[in-house]
Amino acid sequence: MKEIIKLIIKYHFTIVFIILEIICFGLIVRHNEYQRVIFSHQVASFTGSISSMTAYLKSYTRLDEINQELIAENVKLKNRIEQLEIVRRDTTWVEHSLEDSSVIYEYFEAKVVNITFNRMKNIVVLNKGNRHGIEREMAVATPAGVVGFVLSASEHYANVIPLINIESRVSAKLKHNSYYGSLQWDGKDYRYSYLKDIPRHVKITPGDTIITSGFSPIFPANLVVGYVEEIQEENGNFLKIKVRLAVDFKSMSDVYAIKNHRKEERKKLEEGYADE
Amino acid sequence: MNNARNYLIHLLLLCFIQIVVLDNIHLGSYVHVNIYIMALFLLPYRMKGISLLLYALGLGLLMDLMDNTTGIHAAASTLVAYVRPRLLQLTSGREAMDEARGFIRQADFAWFFKYAFFSILLFNTVLIFAEAFTFSNLFISCLRILFSTLISLLCVVLYYFIGFRKVKE
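Protein chains in written order, with our numbering: chain A, 245 to 520; chain B, 3 to 171.
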């Protein structure tokens, strides 16, 4: 403190000079129109560059949020594609399009809030529910592949039966030759599931892609399920294929829920046949 | 006492010339003639410190008032006052400083010219840049500084020979 006072006393002449010059500068800027305009312009461009820099830095801290926004936009775009798909399909049958121009599949985005791996009946919980349009028996997928389907939905949450639940059965087929079978988990390793009921004579090589068949009203066709890992013989005429699941359940966080708008219609029709 | 009276006469005379005559002469935007700054040159050596700065500030503000350029003259004249002690030391030898008795040394024209030149150059540099308020068009600003310095110096020297000598006698 003493030193500082000493310093001030020693340089008081200069300090007073600087203060006076600052006062003069203030007077110039305050009372002269031309200088004020230039000064305020400079200040504005300076603060502008500062604030744009802080905005740039800030954008890093909210990458997560931006990700969310992108996912939401993706969902919107996917829905749009579905709508356009209808238009494209229906241009050949104009009449048809007049009475049937509804969207078949609608996408909703959701986040995984809870997931289990180590049970026989594993479950995935999503942060969206009835309020956001999530309903029973909607398919759930990530861009990588199928996750499962919605078992039940509350106001804000939804329970999903993932592929790694021994009660889940998904109709799946081989991409390259369309032989289909039923995908069922054995309750052991969350990375692998088994595709059954593929006839013996079908040629399969490890690495082949398995996709959804589209036979069930829940899953749209051609979603990736997984990749052939190993081919085993089940009994007599059928093969049991070990499938490496496309979705990594351990790192999954953002998913799509897919609503089939024609599910009810199809169900009704199929049930009607069974009743006859 | 005599010195103080002389100085007051000079001050009033310089201000009068500046306000009544020179401020009304417009030689285009390239030339600003300022003679009042000589009032700072004529101050006794012993006047130093904050009082010197405040005095210069007041003088500058007075000229600003007349010129409608608040702060510009004040900034320039304060700078001249700030460099004055150092400039005196640099331009005159040690023995000159030892005399330290007001007007006596100022009879030495060579020294006075040297001192006045640097002071006026500094003064006009600040004045022109404070007025332009930008460092773009640097060449034009330099030209303005050069012309203003030369004309002002001419006036100051004229006053030195006409006014100063006469009052001295």
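Each residue gets a CB set at the ideal place from its N, CA and C atoms; glycine is no exception.
Report the three-state DSSP secondary structure of Leu483 of chain A (helix, strand or coil). strand
Considering only the alpha carbon of each residue, which of B:Arg88, B:Leu45, B:Thr93 and B:Ala78 lies closest to Leu59 of chain B? B:Ala78
What are the boundary residues of the alpha helix (DSSP H) that Asn403 of chain A is part of? Careful: Asn403 of chain A lies outside any alpha helix (DSSP H), inside the beta strand (DSSP E) at Ala402 to Pro406.
Under 8 Å, CB to CB, which of the residues in the segment 250 to 262 of chain A have a partner in chain B? His256, Phe257, Thr258, Val260 and Phe261
For the segment 275 to 291 of chain A, list every residue whose C-beta sits within 8 Å of some C-beta in chain B, in sequence order. His275, Asn276, Tyr278, Gln279, Ile282 and Phe283
Taking its Cβ as the centre, do 16 or more other Cβ atoms sit within 10 Å of Arg7 of chain B, making it buried, or is it exposed? exposed
Going along chain B in order, which residues have a C-beta closer than 8 Å to the C-beta of Glu309 of chain A? The contacting residues do not exist; Glu309 of chain A stays about 42 Å from chain B at best.
With burial defined as no fewer than 16 other Cβ atoms inside 10 Å of the residue's Cβ, what is the status of Glu474 of chain A: buried or exposed? exposed
Do Ala490 of chain A and Val469 of chain A have their beta-carbon atoms positioned less than 8 Å apart in this structure? yes
What does Leu301 of chain A touch in chain B if you count any residue whose Cβ is under 8 Å from its own? Near Leu301 of chain A there are no residues of chain B at all, since even the closest Cβ is about 30 Å away, more than 8 Å.
Quick check on the burial criterion: 16 or more other C-beta atoms within 10 angstroms. Buried or exposed for Ser412 of chain A? buried
Please tell me whether Phe135 of chain B has its Cβ less than 8 Å away from any Cβ of chain A. yes
Can you tell me the Cα-Cα spacing of Ala288 of chain A and Thr72 of chain B, whole angstroms? 23 Å
Where does Glu523 of chain A land, buried or exposed, given buried means 16+ other C-beta within 10 angstroms? For chain A, the structure presents residues 245 to 520; residue 523 of chain A sits outside this window and is missing.
Exposure label - Ala416 of chain A; buried when at least 16 CB within 10 Å: buried
Of all Cβ atoms in chain A, is any one closer than 8 Å to the Cβ of Lys93 of chain B? A small fix is needed here, since residue 93 of chain B is Thr in this sequence, not Lys. So, not an interface residue.
Any C-beta of chain A under 8 Å from that of Tyr38 of chain B: no
Roughly how many whole angstroms lie between the Cα atoms of Gln428 of chain A and Leu407 of chain A? 7 Å
Any chance you could list the beta strand (DSSP E) runs of at least 3 consecutive residues sitting entirely within the segment 361 to 418 of chain A, in chain order? 368 to 370, 383 to 385, 390 to 397, 402 to 406 and 413 to 418
Please list, in chain order, the chain E residues whose beta carbon lies closer than 9 Å to that of Phe269 of chain A. Protein chains in the displayed structure are A and B, and chain E is not among them.
Can you name, in chain order, every residue of its own chain whose Cβ lies under 6 Å from the Cβ of Phe419 of chain A, other than the five neighbours on each side? It is Lys, not Phe, that sits at residue 419 of chain A in the sequence shown. Thr453 and Ile455.
Taking Cβ-Cβ distances shorter than 7 Å, what residues in chain A pair up with Tyr84 of chain B? Phe261
Let me make sure I understand the geometry here. Which of A:Ser396, A:Arg510, A:Glu508 and A:Val384 has the alpha-carbon closest to that of Gly373 of chain A? A:Ser396
Does DSSP classify Phe119 of chain B as helix, strand or coil? helix
For a quick check, are the C-beta atoms of Val356 of chain A and Ser437 of chain A less than 8 Å apart? no
Might you give, ordered along the chain, the residues of its own chain that have their beta carbon closer than 6 Å to the beta carbon of Val319 of chain A, omitting 5 neighbours on each side? Tyr351 and Glu353
Is the segment 278 to 292 of chain A touching the segment 128 to 135 of chain B, taking contact as three or more C-beta pairs under 8 Å? yes
Residues bridged to Glu425 of chain A (per DSSP): Here the sequence assigns Gly to residue 425 of chain A, which means Glu is not the residue at that position. According to DSSP, Gly425 of chain A bridges with A:Ala416.
Considering just the uninterrupted stretch of the beta strand (DSSP E) at Gly499 of chain A, what are its terminal residues? Gly is not the amino acid found at residue 499 of chain A; the sequence shown has Val there. Run containing Val499 of chain A: Asp498 to Asn504, per the beta strand (DSSP E) assignment.
Would you call the segment 296 to 309 of chain A and the segment 84 to 91 of chain B in contact, with 3 or more CB pairs under 8 Å? no
What residues are listed by DSSP as bridge partners for Pro443 of chain A? A:Phe482
For Arg146 of chain B, the nearest candidate out of B:His34, B:Tyr161 and B:Arg48 (CA to CA): B:His34
Selection from A:Gly458, A:Tyr434, A:Gly480 and A:Pro443 that minimises the alpha carbon distance to Lys494 of chain A: A:Tyr434
Between A:Ala465, A:Val273 and A:Pro450, which has its C-alpha nearest Ser457 of chain A's C-alpha? A:Ala465
Grab me the residues of Ser460 of chain A's own chain with a C-beta within less than 6 Å of its C-beta, minus the 5 sequence neighbours each way, in chain order. Ser415
To the nearest angstrom, how far is it from the Cα of Ile106 of chain B to the Cα of Lys116 of chain B? The predicted position of Ile106 of chain B is uncertain, since its pLDDT is 49 and thus under 50; no value can be drawn from it.
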